[in-house]
Amino acid sequence: MSDAKFFAKGKAAELRIELLADQKKDKNYMRRKTALKRIVANMTMNNNEMIQLFPDVLDCIRLDSLEIKKMCFLYLINYCRLKPELANKALPVLLDDLRDRSPLIRALALRTISCIPLPVFNEALVDPLGRLLRDPDPYVRKTAAFGVAKLWASDAPLVEKSGLIQGVNQLLVDSNPTVVSAGLAALTDVTDKSEGMKLAIGYQDASKLVQILGDCNEWSQTYILSALMAYTPQDPAEALLMAERLSPRLQHANASVVLGTIRVILYMTHYISDDTAIQGLVKRFGPPLVTLLSKPHEIQYVALRNCLLILQQYPHILQNDIKVFFCKYNDPIYIKATKLEIIFLLASEDNIKEILRELREYASEIDVQFVRKAVRAIGKLAIKIDAATRYCIDTLLDLVATRVSYIVQEATVVIKNIFRKYPNQYESIISVLCKNLDSLDEPEAKAAMIWIIGEYADRIENSDQLLDEFLFTFKEETIEVQLALLTATVKLFIQRPAKGQELVLQVLKWSTEDTDNPDLRDRGYMYWRLLSSTSGNADTTRQVVMSDKPTISVESDKLDARTLEELSLSMGSLSSVYLKPVSQIFKGSKVRHLEQSPALRRTDSNLESPVSPVTPGFYPNYAAVNYFATSGAGDLLSD
Amino acid sequence: MSILAVYITDINGQQLFEYPLSDSPPTNKMLQVALRDASADDIVLRVSSDELLFHRRQDSLDFLIPCSSSMPALVPLEFISHLIKVLHDYFQPPLSRPKIEKNYSTIMMLLNEMIEDGYPFVTEENALRDLVPFTDGLSKYLPTLPKGAASSLKSITSSGLSSKSFSSDSSSMRSNVPWRRSNVKHNNNELYVDIQETLSVIIPAVSPMRQLLNSVNGTSNPVPTASAFYTPAVPQVLAEPIVAIAHGSVFATTKLSGVPDIQLILSFGNRVLEGPAFHPCVRLARWRERPGTLSFVPPDGKCCLLQYTISGVESGPIGGDLKTGLGPMKDEFEVRVWSRVPRNVKFVENLRVEVVFDSERVQNVKGTRASSGEFNIEQKGVGVWRFPGKTPMGWNASLRGTMVVSEDLEAGPDGTVPQEFPKYIKISYDCQGMLVSGTKVESLRVVSGKGLDDRAKPYKGVKYLTHGKDIIIRG
Numbered sequence: 002m003s004d005a006k007f008f009a010k011g012k013a014a015e016l017r018i019e020l021l022a023d024q025k026k027d028k029n030y031m032r033r034k035t036a037l038k039r040i041v042a043n044m045t046m047n048n049n050e051m052i053q054l055f056p057d058v059l060d061c062i063r064l065d066s067l068e069i070k071k072m073c074f075l076y077l078i079n080y081c082r083l084k085p086e087l088a089n090k091a092l093p094v095l096l097d098d099l100r101d102r103s104p105l106i107r108a109l110a111l112r113t114i115s116c117i118p119l120p121v122f123n124e125a126l127v128d129p130l131g132r133l134l135r136d137p138d139p140y141v142r143k144t145a146a147f148g149v150a151k152l153w154a155s156d157a158p159l160v161e162k163s164g165l166i167q168g169v170n171q172l173l174v175d176s177n178p179t180v181v182s183a184g185l186a187a188l189t190d191v192t193d194k195s196e197g198m199k200l201a202i203g204y205q206d207a208s209k210l211v212q213i214l215g216d217c218n219e220w221s222q223t224y225i226l227s228a229l230m231a232y233t234p235q236d237p238a239e240a241l242l243m244a245e246r247l248s249p250r251l252q253h254a255n256a257s258v259v260l261g262t263i264r265v266i267l268y269m270t271h272y273i274s275d276d277t278a279i280q281g282l283v284k285r286f287g288p289p290l291v292t293l294l295s296k297p298h299e300i301q302y303v304a305l306r307n308c309l310l311i312l313q314q315y316p317h318i319l320q321n322d323i324k325v326f327f328c329k330y331n332d333p334i335y336i337k338a339t340k341l342e343i344i345f346l347l348a349s350e351d352n353i354k355e356i357l358r359e360l361r362e363y364a365s366e367i368d369v370q371f372v373r374k375a376v377r378a379i380g381k382l383a384i385k386i387d388a389a390t391r392y393c394i395d396t397l398l399d400l401v402a403t404r405v406s407y408i409v410q411e412a413t414v415v416i417k418n419i420f421r422k423y424p425n426q427y428e429s430i431i432s433v434l435c436k437n438l439d440s441l442d443e444p445e446a447k448a449a450m451i452w453i454i455g456e457y458a459d460r461i462e463n464s465d466q467l468l469d470e471f472l473f474t475f476k477e478e479t480i481e482v483q484l485a486l487l488t489a490t491v492k493l494f495i496q497r498p499a500k501g502q503e504l505v506l507q508v509l510k511w512s513t514e515d516t517d518n519p520d521l522r523d524r525g526y527m528y529w530r531l532l533s534s535t536s537g538n539a540d541t542t543r544q545v546v547m548s549d550k551p552t553i554s555v556e557s558d559k560l561d562a563r564t565l566e567e568l569s570l571s572m573g574s575l576s577s578v579y580l581k582p583v584s585q586i587f588k589g590s591k592v593r594h595l596e597q598s599p600a601l602r603r604t605d606s607n608l609e610s611p612v613s614p615v616t617p618g619f620y621p622n623y624a625a626v627n628y629f630a631t632s633g634a635g636d637l638l639s640d
Numbered sequence: 034m035s036i037l038a039v040y041i042t043d044i045n046g047q048q049l050f051e052y053p054l055s056d057s058p059p060t061n062k063m064l065q066v067a068l069r070d071a072s073a074d075d076i077v078l079r080v081s082s083d084e085l086l087f088h089r090r091q092d093s094l095d096f097l098i099p100c101s102s103s104m105p106a107l108v109p110l111e112f113i114s115h116l117i118k119v120l121h122d123y124f125q126p127p128l129s130r131p132k133i134e135k136n137y138s139t140i141m142m143l144l145n146e147m148i149e150d151g152y153p154f155v156t157e158e159n160a161l162r163d164l165v166p167f168t169d170g171l172s173k174y175l176p177t178l179p180k181g182a183a184s185s186l187k188s189i190t191s192s193g194l195s196s197k198s199f200s201s202d203s204s205s206m207r208s209n210v211p212w213r214r215s216n217v218k219h220n221n222n223e224l225y226v227d228i229q230e231t232l233s234v235i236i237p238a239v240s241p242m243r244q245l246l247n248s249v250n251g252t253s254n255p256v257p258t259a260s261a262f263y264t265p266a267v268p269q270v271l272a273e274p275i276v277a278i279a280h281g282s283v284f285a286t287t288k289l290s291g292v293p294d295i296q297l298i299l300s301f302g303n304r305v306l307e308g309p310a311f312h313p314c315v316r317l318a319r320w321r322e323r324p325g326t327l328s329f330v331p332p333d334g335k336c337c338l339l340q341y342t343i344s345g346v347e348s349g350p351i352g353g354d355l356k357t358g359l360g361p362m363k364d365e366f367e368v369r370v371w372s373r374v375p376r377n378v379k380f381v382e383n384l385r386v387e388v389v390f391d392s393e394r395v396q397n398v399k400g401t402r403a404s405s406g407e408f409n410i411e412q413k414g415v416g417v418w419r420f421p422g423k424t425p426m427g428w429n430a431s432l433r434g435t436m437v438v439s440e441d442l443e444a445g446p447d448g449t450v451p452q453e454f455p456k457y458i459k460i461s462y463d464c465q466g467m468l469v470s471g472t473k474v475e476s477l478r479v480v481s482g483k484g485l486d487d488r489a490k491p492y493k494g495v496k497y498l499t500h501g502k503d504i505i506i507r508g
């Protein structure tokens, strides 16, 4: 039977007749089932007429059919919240079912009650929940664990005084791995949302969790892996052993298991003293990350963003796989842009020629946004790898020769940076750039070109003419370009007073008298004073205006150590995708940091990190704070 | 960290299905607003200060999963993949609006089992089949829910002990494995292995130097590119691929009664498998002892045992090239495509060649002449050259044409508008009977099977498929 035709106009009255059909004639409850399907379908489409059928649906719960019961439960979950007064009538029936002989029904009833966050329901659930946490059937225990988490979310004080959290703690020594992971997931859920409670796991217990990983399904593995972040190794050997035992999980088909494993292993490396061992561990990340590139685009993207994060710390791990990150034309732009960043990070003297050939190819693609990024990457490579600068410049010149406006502009911007990094070298390329002044119409490119002219005014034959041309439109330019023009003209005057005199007077006049922009005016006055007061001492002026600039490097793009630490501890989360600390994305989120321990390696980020707030007296002594401490060493899973 | 709701909408954002998991999840309306304002590279959207939205389009339906902000991104993304797989398993692909509307109650019951307190929990099709009855017309072909369905639940619940003993001592198999339905019975016992490889290749443009040599020496300068697998049907000047990667998936489809234990031995030649990823049923210890050996108790039905990546493979049974600046006016391009002669393969299917150009600069393609197949501009910037049905091996075809440059383009410095040519061509096809990496099944046997009739020898079959997906030849 299909639901399509139920869909049209589910008249509540009609459906009621079906629900009340003579039981003897309703073979296998077919009529009732059909009616309930119609009711559920209507409910899904927010047809609130169905609420009239509440008492009739309630009567059906007691029928001996699992399918009917399930549909009735779906109905109750939907309408009890809307109609608390009706809901009270359903409660006794549901509570009865919590004592049903069938574990499936006990679990279903439990799930239903805990999905209805009404005070009466919450209070009625406390006692049975304590019992169901110790139910003989694992499916019921698993459902009960989540039931406690849901109950906590709706009424935390009720749960905390009930001792249910201790009950969930007991599940962590359950004989069934699925139940253990459900217990952990529930506790993680509670402690994540709670101000006062915190998950803490000792070595023996963490070790047991790793042992049962293999017996769990992929989701349970995911939750155990995130719970393992609550274990703080006290000894380097412990941490290493833990990481070694986790590494087979890298071969799992589920991407969230793979990334979860990488996160825990990276976390462990902060507590491992042996550097060779660390290198050996991180090397294993490469192949699974490459495999994630065959997944759907969204998963690929998250994997690639996290690759970026790992490469910041361990730039060599994917060195031999660089071709895997070459862009396909039909990759979406977000994938391409991230691949480009990875290619940049993986670039070295050894592979630079191959990479430049590839980037040159990207620079002739159709997507302008991507082309610009490719050109920018070439320029940044020139700054990153000294030995490759010549090749990069040749590639850029090759691109400038295409005379495609946006390529020329982007190239101009990056060439300016190359001059910043390598002053007084590669000057021969200036003349090539000067031939393409006409194509510059973007402020950033104009400002870059003007900077180059000012900086090399004494070596560019017609620098005064070039500046004069730019000055022609001075008043229409953006402030960025105006400032660049002002400075460049002053530089021209200092280097070639005769040629620059006329221009500099003009520009200073415009900057001080004809502008509304305070920055331009201030800078204009500053130059004016400088030039007039030290007219006898040109050296001082030269020192101020033509001073050595701070060198630029690509290192400044790198994340600082503390952010990097925070991000790698929250690998796979949204902040790892944006590569921004969580505080910048979500206000008031919990920031992760490395817990202190004798085994913690000293790094820049954690040296001055605040004293760990997990001091015993700081938090109320809820059971979850030290829930494993009570289970003693080594008997977590014994019966 | 939890999933707040599951929505299924059509591609216009109209809600078809809603499954709330929290008190007041963001409504579909709010999500649609977030989607509308999103840019293309927003894989994850922020709906509010502490809510995220993950989404995927599949079979002309949109799956929207709003989550709380601490959710690790891959959990909902993998969950969407699993949900789609389960819905395909229950309702057959492709999914559609009527299929969703027809099966509200089944989908709700499925989600009720799949997500527990906002956490994905059970997504194995086998476990779900035991928990949620199959009410579609197809149900008569499938085992129905056993009476007192609770007993069937054992398959996911009492798994702990059994699966532990299973990994340590495979000979004394217990009947219950978490991923396998209980009491499986089939009248005909069958076991199939399908290996599919998806091939991605990037071939660089033939350098101008070699093109020049080519034209000096005549139209085509024979440089044979023979290999262990192919003999060239058409002599070609070809650049070496920059990238040639095969992503492989090994599927097992088992219709065996009881609890069969299977051993599948694969050979990968001398190839290195990069980052193999396994189904939980595969015993990793065995694989480590003897790489290539998959030892497992499969779920009933189809499952993906192994996924792998092999790079540096052959460029596949279909080759192609792109030449530009041909003809008396030097304004023509030519695309050629040919099939090599691999062993054991008689044809490829669904061959199509996409000719991609810059739609901003090119108005139209004129004077196209194809030796066979049909060429049409099917979307902005893409001309598709199709060869329906089967394409034999040792065959070739060519396509010539001229790009009409847009009228409003600015002239270059020399006063003319430069001629445009295709940027690249992309070839795709399916080729049955071969794997481009040379991977082979060495042996496939049922080692033991509790509840499997010894006398009934299962029918076994092995199939290979190479799916040429992105064979990109740069212009």
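Protein sequences appear in the order of chains A and B. Here the first sequence stands for residues 2 to 640, where the numbers follow my numbering. Here the second sequence stands for residues 34 to 508, where the numbers follow my numbering. In this text, a Cβ means the ideal position worked out from N, Cα and C, and glycines have one as well.
DSSP bridge partner residues for residue i (one or two, in chain order)
{"i": "Leu297 (chain B)", "result": "B:Leu327 and B:Leu477"}
{"i": "Trp418 (chain B)", "result": "B:Val386 and B:Phe408"}
{"i": "His253 (chain A)", "result": "B:Phe311"}
{"i": "Val368 (chain B)", "result": "B:Leu355 and B:Leu432"}
{"i": "Gly148 (chain A)", "result": "Note: Gly148 (chain A) sits in no beta bridge, so no partner."}
{"i": "Arg90 (chain B)", "result": "B:Asp95"}
{"i": "Val234 (chain B)", "result": "B:Ala277 and B:Ile504"}
{"i": "Ser282 (chain B)", "result": "B:Gln229 and B:Gln340"}
Given residue i as reference, the closest of the options once Cα atoms are compared
{"i": "Asn321 (chain A)", "options": "A:Ala338, A:Ile356, A:Pro333 and A:Leu310", "result": "A:Ile356"}
{"i": "Glu196 (chain A)", "options": "A:Ala256, A:Pro158 and A:Ser66", "result": "A:Pro158"}
{"i": "Ala279 (chain B)", "options": "B:His500, B:Asn429 and B:Ala38", "result": "B:His500"}
{"i": "Gly261 (chain A)", "options": "A:Val409, A:Asp23 and A:Ser577", "result": "A:Ser577"}
{"i": "Phe74 (chain A)", "options": "A:Leu580, A:Gln426 and A:Leu105", "result": "A:Leu105"}
{"i": "Ile266 (chain A)", "options": "A:Asp439, A:Glu428, A:Leu434 and A:Met230", "result": "A:Met230"}
{"i": "Ile396 (chain B)", "options": "B:Asp441, B:Pro313, B:Glu382 and B:Ala430", "result": "Just to set this straight, residue 396 (chain B) is Gln in the shown sequence, not Ile. Of the candidates B:Asp441, B:Pro313, B:Glu382 and B:Ala430, the one whose C-alpha sits nearest the C-alpha of Gln396 (chain B) is B:Asp441."}
Sequence-distant residues of its chain with Cβ nearer than 7 Å to residue i (five each side left out)
{"i": "Lys555 (chain A)", "result": "Per the sequence shown, residue 555 (chain A) should be read as Val rather than Lys. Taken in chain order, the residues that qualify are Lys381, Ile384 and Lys385."}
{"i": "Ser184 (chain B)", "result": "For Ser184 (chain B), the pLDDT reaches just 36, beneath the cut-off of 50, and the residue's location in the model is therefore unreliable, although a value from the coordinates is still provided. Excluding sequence neighbours, Ser184 (chain B) sits near nothing in its chain."}
{"i": "Ser172 (chain B)", "result": "Note that Ser172 (chain B) has pLDDT 36, beneath the 50 cutoff, so the model's placement of it is unreliable and the number below is only indicative. Excluding positions up to five away in sequence, the list is empty."}
Beta-carbon contacts of residue i that lie in its chain and below 6 Å, excluding the five residues immediately before and after
{"i": "Leu498 (chain B)", "result": "Gln229 and Gln465"}
Residues near residue i in its chain [Cβ-Cβ closer than 8 Å; skip 5 each side]
{"i": "Asn377 (chain B)", "result": "Gly466 and Met467"}
{"i": "Glu245 (chain A)", "result": "Leu282"}
With a threshold of 8 Å, are at least 3 pairs of Cβ atoms found where one atom belongs to the region 59-67 of chain B and the other to the region 110-125 of chain B? no
Quick check: the region 392-410 of chain B against the region 457-470 of chain B, are there 3 or more CB pairs under 8 Å? no
Does the count of Cβ pairs from the region 115-129 of chain A and the region 154-174 of chain A closer than 8 Å reach three? yes
Inside the region 294-368 of chain A only - alpha helix (DSSP H) runs reaching at least 4 residues: 298-314, 334-347 and 353-363
Segment contact, 8 Å Cβ cut-off, at least three pairs: the region 120-140 of chain B with the region 42-62 of chain B: yes
Restricting to runs no shorter than 4 residues, where is the alpha helix (DSSP H) found entirely within the region 13-40 of chain A? 13-20
Segments assigned alpha helix (DSSP H), at least 4 residues, entirely inside the region 82-141 of chain A: 85-98, 104-115 and 120-133
At least three beta-carbon pairs within less than 8 Å, the region 177-185 of chain A to the region 215-230 of chain A: yes
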